[in-house]
Each structure stands twice: as C-alpha cells, then as structure tokens.
Amino acid sequence: MKLKRKDLLGIQELSVEEINLVLDTAESFLEVSTREIKKVPTLRGKTVVNLFYEPSTRTRTSFEIAGKRLSADTINISTSTSSVVKGETLIDTAKNLEAMNPDIIVIRHSAAGAPHILAGLLRQSIINAGDGAHEHPTQALLDMMTIRSKKGRIAGLHVAIVGDIAHSRVARSNIHGLSKMGAHVSVAGPATMIPRDIEKMGVRSYTRIEEAIRDADIIMMLRIQTERERQSIFPSLREYAQFFSLNSRNIDLASKEVLIMHPGPMNRGVEISPEIADGPRSIILDQVTNGVAVRMALLYLMTGGSNP
Amino acid sequence: MTLLLKDGRVVDPSRKADAVGYLLIENGKIAGSGKELRRAGKNTPRKGDPAMEILDLRGKIVVPGLIDMHTHLREPGFEYRETIASGSEAALAGGFTSIACMPNTNPVNDNRSVTEYICRKATECGLVNVYPVAAISVKSEGAFLTEFQDLKAAGAVGLSDDGKPVMNAALMRRALEYASSIDMPVIAHCEDRDLSAGGLMHEGFVATELGLPGIPAVAEEVMVARDLLLAEFTGAAVHIAHVSTAGSVRLIREAKVRGVRVTAETAPHYFTLTDEVLRGFDTNTKVYPPLRGAEDVAAVREGLRDGTLDVIASDHAPHARTDKEVEFEYAASGLTGLETSLSLSLRLVADGILTIPALIEKMTVNPAGILRLPKGTLAVGADADITVIDPDREWIVDRKLFRSRGKNSPFHGWNMKGMAVLTIVGGHIRYRDF
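Sequence lines, in order, name chains C and F. With numbering that gives the first Met the number 0 as the guide, the letters of the first sequence map in order to residues 0 to 307. With numbering that gives the first Met the number 0 as the guide, the letters of the second sequence map in order to residues 0 to 433.
Structural data, given as structure tokens:
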C-alpha cells in the first residue's frame, strides 16, 4: 500500500487507513535504528530540506536522523542561518528551494497555515513539522505509534491531554488522530487555556486535572510556555504547578496501568513532577525513539515507497 | 445634453416610487418621469430629437446612484494599494456614484490640508463623488480631537478613526457631543483593543481547529454597547460601522426601540461568508472585524430585513499582492469590495430577505441621510446620479478584471446574478456595459 498524497499537512485530513499505514511502516523501520550500521540505502539520491522558522532541537534532529538513516541528503535551514533574516518572504524562499530540486521539504513555522502555502505552490512534498498552534502531525503519529505499541491498541483507550490546549498544536493533532482511531479523549487545563467549542472536536473538556485523568489509560502532559507573554492567561507558574501538575498525589486517580507521555521539552516541577517523568509509567523517551521511525516511514512513503 | 432612460423599472426609495417608465435627464439634473413632466405641462420627449440620447432599459432597474459610505481609497500614502482614481473606476464598475473614504491614509486625514488634497484629487479625476471622512482624533491615536468644524468646512462629511477604535470613552463622549452640535456624523469602529489583541479570526470552533488566535464577538459588542450608551447619554447620533455579530445587531435593535439616535451598517461579506471559509488559510478571507459564525450571519441578515441595519457599505479595503501573499498571521486585513458589493447584495433579494426597494434604500437614501448628502434620490432637480442594474445578468467574479488595484477578493470565481450595467454621474455616462 502506498500513501496517496503529495503533502502531510495535518492529521485532520488523514484517514484511519493512512494512519495505520504510517504506523505499520514506522514499526518496520524501528529495527534499522538498533543495528550496528544504522543506515539503509532506501532514499539514496533523495534530498530532504528541513526548513525551520522556529527553534527546535528534538523535531529537527529527529527528521535529520530519519533522513540520514535512509541515506537521503538532509539539509537544515534555520532562521538564523538563512536569508530569512534579510527579509525574504516565505514564498520566495520556498521557490528558491524548489529551484534546487529537493524531494521533500519539512517545514516548521510559528504561523499557522505556513506549510499550506508551500503545499499549494511547490511540486515537492511538504511535511508539516508544526505550524503555529494548528497541527504537528508527525508528533501525533509518533504518539499514536507509542500508544499502540505499548497498549496493543488505541481504540477504546481513555487518553487525557492536560495543559495549555489553546496554544498546543500537539493537542490538536492528537485529538484528531486519537479520535479517528477510536480513543476517548479528555482535555484539561485552566479555563483560559481551553479554546472555545473544543467539545465540537469530539473531546470532553475539564478545568480540573483530577477530572480529566480519572481512570485514564494514557496521560499526555503539555509543556507550559514560560518564555512567552503567556503570563496573563494564568496567575503564576507556582499556582499552575500546584493545581495542574501531574504528580505522585494525583496519578493514582488514573488507571493502574496508566502510561505518561510528554512531547517535550518538559518543565520539570511545573507541569510534571520529576518522579513521574522518570518513573516506571513514563514512556516519554519511547516517544522520542519512535519519532525517528515515524519520520523515516513518512520520508519513505512520501517519496513513493510502499508497505506490503 | 439630454438623456432619456426608457422603459426601465424606476425604483426610488426616497420618494417610495417603483414603476416602469422613463426618466429624463437634462443638463446634469433629473428632469423627471413621464408623469412628472405631464403634470408640469411639458411635452413628452420624442424619438428623433437629435440632441437626445435614448437608452432602452427594458428589463433593467433604474435607481438613484448607489452610495458606498465606507471605502478605503488609500491615497495619500498607500498608492500602491489604490488611488482615488483607481478606486473611482472600481466604484463606477460596481455601480457607485458616490463614495465616502476613510481617513486611515498616510498622513491620516486629520487636518484640512489632507481633506482638501483628497477633494482636489477627486475633482481632478472627475469620475464619482468622493466624500472624505476625517479622523476623530489626531493621527487616529485616540488622544486629542481633530478640528471638526474646520474639517467640515474643508469638505469632510463625517468623522471616524476607522481601523482603530476610540478606546478612551471620555474622548468618544466629547467627540459625539461636539460633532452633534455641528451636525456631523460620527462613525464608530467598534472594537475593544484589549479583547481583540493578537486575534486573527473570529473566536469560535473554526479558530479552535485552525489554532489561530481568536477575536471574540464580545470585543465588538462591548464597544457597540458603550457607544450606544454614550449616544443615549449625550443625545448625540452615532453610526456603527461594519456590524458583524448577532450581539451587536441585538444591542442596536434594542437601542433603536429606546429611541437612541443610532444608525448602523454592515458589509456584504458579513451577510455572505462565515468563518468556515478561513479553512485553507486564504489571506483574502482575513478581514477586521473578522468573518463570523453562522448565527452571526443569520442575525446580520435579519437585522437588514427588519431595518436594524440601515446601510450596506462595502468596507472596500484594497491591498497589494505583497500585503497578502504571506503567512496568514502577517497578511494585511481587508478585502476589496466595490466591484462585488451590489451583486452580493442582490442575493439578499433572491433569498427573500429584502425587496429591491428595501435593498436600494440601504445603498442610496439611507447613507445619504446619515452623511447629509444631497444625493440618493431621483427627485426632479436632483443631480443626475443614476445606476442601472440588470438583475438577470449572470457573471463570474474575476479579480484580474477588477478596476481596483486591490485584487484581494474572497469571491474570486463566484457565480453572480445581477450587476450594474450603467453608471451615470451628474448626467454623464461614466460606465456602460450593455
């Protein structure tokens, strides 16, 4: 089976079959990363451009490693090293890249919809590596892969997503993906971080973490943005840590087999206490490992590869 | 020159007239209909008079020249987006003979010299009547009142800080009181800047899915409520610009019942499009106030139907490609509207919301009354500003054909029925397409 789409812009437009195809393919690529020689020639001669308009360590490294393990040539462009600082428009930058004939452009941008501009304009495949607060499809795919491999299924699980839902692309992509795959999703956060009409996305929403995580099979904690002008949407990090963090006191409300996830980077002691992050229920580093496999699968499928 | 408009349906809400007949134009003025000429003891004009041009308008609607009381002509300062000349051409093609232009130019139209400049430019191109709206506050910064009387003497017909709200309630109160004393309308751009801060689209389900920061309906409504209360308190009149939410319509309706001196306008995009069209991140759908939800659109249509909303104005906001071909977040807001406004408004007739006379009223005599313009009527002796509408003409919006420099229309490719086919200003045929 092949992935019949030029671009991956969001989970919202993916079918269950497509999601399963990516997850199945990713599982078959997991093994490559455990070899002595972590490289296969699959994408030899292909060029992948990582165009990052927003700082990122994890996602950019993950894409780069994924490309290199498939023998693709990977080029990283970030705002500090490109012509972006000279005031070139996104469209001009993209057209210049297109003229150099890469095969895939991976883009991360602080403006929602930026990857959609490229997708409509360029003949290359575009992978959205996070656009504003809109979508982060590869994160949701790696999260679903992690859940499926640990729990054996996604359908029927209760997944609680806790934190700044309003500003989280990870939350949106996961809500779309997990709902499609049959999970029950709850979200929780201070009322100021719950966007309007979120229930229409098919989730239950709460303003107390305790309500959302009760009997949860999976708890996904989101990073609280400390570095931006978010101060006015909640009183203080101190108050947040007191009432919205996942810790050894409230985790017992969840299912006994609950697993804890976090897309990173974590604020230890704010949204998650260290003993939970490092504890036996944490699968946070599995997410990172699976991230490479998911991105290998996408690069492979989007350059025309198929999975039997 | 004499011009005879023959056999059209003459609709003139200013006189509650609606009948098939002819209309005679002499020396740039309305000379009258057949009935009026007979009553005055004059002869009916006949074919064969060499000095007379006769236009057969069977099946067409003859109305007072349309007035768009809310446009942005971008001159001076932003001529790459629009000029008074290109905006006038767009107005003619859209059936408008008179347009009011907002003061958010560069420099801001906050003093006599800018107002005079606009008037002079408009006279030089001589296509449509251009009426400047001057700023309420110096540089529209909301701190100090402009010289209302001097601006009025220079040709300004109204006052607005459009594009920005007057956040200071005390300043707004003074503006209403002072403007009222010199019979000058104040046009309120209602937006609480704290509530709308950072917002890019209507706050609702679509914004939640797209991850775009929202502008809540209440950002408009608290300011509508404030300005209604200020108008009520001072006894002054206020005109609410570009009404976009159900709550605003409700507040204005209630205020009218209480006797508050309020008039209000909306724009075609607010009764035609919902926030659903923002999916896909087309920057031509980015506009302030933002496109709202389906309930808001329904309420705006109801407000037009029941008379709460007096005027349809385009809020014509032309932008250059460079303003729009960027990320949604960075794109300029506003859409070009002069050339689609009438056709979109005619859909209200097709949908049974408004009759032709009720629609024409909102595009002629009502804005004329609010701006105190001697326009919007086909009464004998009035300036011969006339628009002829072919209600059956089907066309497809093609932004490449716009006269406006702004090609930023979310209606590109839309099928339309009905358009202006003849625009006469001061007795001169300035636009003809039949």
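Every residue gets a Cβ at the ideal spot worked out from N, C-alpha and C, and that includes glycine.
Partner residues on chain C for GLU324 (chain F), Cβ-Cβ distance less than 8 Å
THR88 and ILE90
So the candidates are F:ARG173, F:ASP149 and F:GLY157; which of them puts its Cα closest to the Cα of GLY141 (chain F)?
F:ARG173
Using the three-state DSSP reduction, which class does LYS255 (chain F) fall into: helix, strand or coil?
helix
Could you give the first and the last residue of the continuous alpha helix (DSSP H) run that contains GLY66 (chain C)?
57 to 68
Residues within the stretch 115 to 138 of chain C neighbouring chain F, beta-carbon criterion of under 8 Å:
HIS115, ILE116, ASP130, GLY131, ALA132, HIS133 and GLU134
Taking C-alpha atoms, which residue in F:GLY306, F:VAL256, F:VAL185 and F:LEU400 lies nearest to ILE359 (chain F)?
F:GLY306
Can you tell me where the beta strand (DSSP E) holding LEU23 (chain F) begins and where it ends?
16 to 25
Tell me whether the stretch 183 to 201 of chain C and the stretch 23 to 35 of chain C touch, counting them as touching only if at least three CB pairs, one residue from each stretch, are closer than 8 Å.
no
Step through the CB atoms of chain C and report whether any lies within less than 8 Å of the CB of LEU334 (chain F).
no
In whole angstroms, what is the alpha-carbon distance linking VAL217 (chain F) and GLY162 (chain C)?
25 Å
Do we get a CB-CB distance below 8 Å when we pair LEU297 (chain C) with the residues of chain F?
no
Beta-carbon contacts of SER82 (chain C) that lie in its chain and below 6 Å, excluding the five residues immediately before and after
Note on SER82 (chain C): pLDDT 49, under 50, position unreliable in the model; the coordinate value appears next. There are no such residues.
Would you verify that the beta carbon of LYS199 (chain C) is, or is not, closer than 8 Å to some beta carbon of chain F?
yes
Using Cβ-Cβ distances below 8 Å, what residues of the stretch 269 to 290 of chain F are close to chain C?
GLY279 and PHE280
What three-state label does DSSP hand SER32 (chain F) in the structure shown?
strand
Taking DSSP as the reference, what is the three-state secondary structure of TYR430 (chain F)?
strand
With a threshold of 8 Å on Cβ separation, who are the neighbours of TYR177 (chain F) within its own chain once the five nearest residues in sequence on each side are excluded?
LEU144 and PHE147
Run the CB neighbour count on GLU238 (chain C), radius 10 Å, all protein chains shown included, and call it buried at 16 or more, exposed below.
exposed
Please classify ASN95 (chain C) as buried or exposed, where buried requires at least 16 other C-beta atoms within 10 Å of its C-beta.
exposed
Do you know how far the Cα of ILE217 (chain C) is from the Cα of HIS157 (chain C)?
6 Å
Could you check the C-alpha separation between MET301 (chain C) and VAL105 (chain C) for me, to the nearest Å?
12 Å
Hey, quick one: how far does the alpha helix (DSSP H) through THR92 (chain C) stretch, first residue to last?
89 to 98
Ordered along the chain, which non-local residues of its own chain (more than five positions away) have a Cβ less than 7 Å from that of THR80 (chain C)?
The predicted position of THR80 (chain C) is uncertain, since its pLDDT is 45 and thus under 50; a value taken from the coordinates is nonetheless stated next. Correct list: empty, nothing qualifies.
If we call anything under 8 Å between Cβ atoms a contact, is SER344 (chain F) one with PRO267 (chain F)?
yes
Give every residue of the same chain whose Cβ lies closer than 8 Å to the Cβ of PRO409 (chain F), excluding the five residues on either side of it in the sequence, and list them in chain order.
HIS268, LEU272, VAL276, ASP281, ASN283, THR284 and LEU334
Skipping 5 residues on each side, what residues in its chain have a beta carbon closer than 6 Å to that of SER32 (chain F)?
GLY20 and LEU22
Runs of alpha helix (DSSP H) wholly within the stretch 125 to 197 of chain C (minimum 4 residues, chain order)
136 to 150 and 168 to 179
At which residues does the alpha helix (DSSP H) containing SER340 (chain F) begin and terminate?
340 to 349
Please classify ASP440 (chain F): does DSSP put it in a helix, a strand, or coil?
Residue 440 (chain F) falls outside the range modelled here, since chain F spans only 0 to 433, and no answer is possible.
Closer than 6 Å by C-beta to LYS59 (chain F): which residues in its own chain qualify, once you throw out the five before and the five after it? Chain order, please.
GLY7, VAL387 and ASP389
Just to confirm the assignment, what range does the beta strand (DSSP E) spanning LEU50 (chain C) have?
46 to 51
Mapping the DSSP letters down to three states, classify ALA263 (chain F) as helix, strand or coil.
strand
Can you tell me whether VAL256 (chain F) is buried or exposed? The criterion is at least 16 other CB atoms within 10 Å of its CB, across all chains shown.
exposed
Given a limit of 8 Å on CB to CB distance, which residues of the stretch 328 to 360 of chain F reach chain C?
GLU328 and TYR329
How would you list, in chain order, the residues of chain F whose beta-carbon sits under 7 Å from the beta-carbon of PRO194 (chain C)?
THR207
Can you tell me where the alpha helix (DSSP H) with MET68 (chain F) in it begins and where it stops?
Premise fails: MET68 (chain F) lies in the beta strand (DSSP E), 65 to 70, not in any alpha helix (DSSP H).
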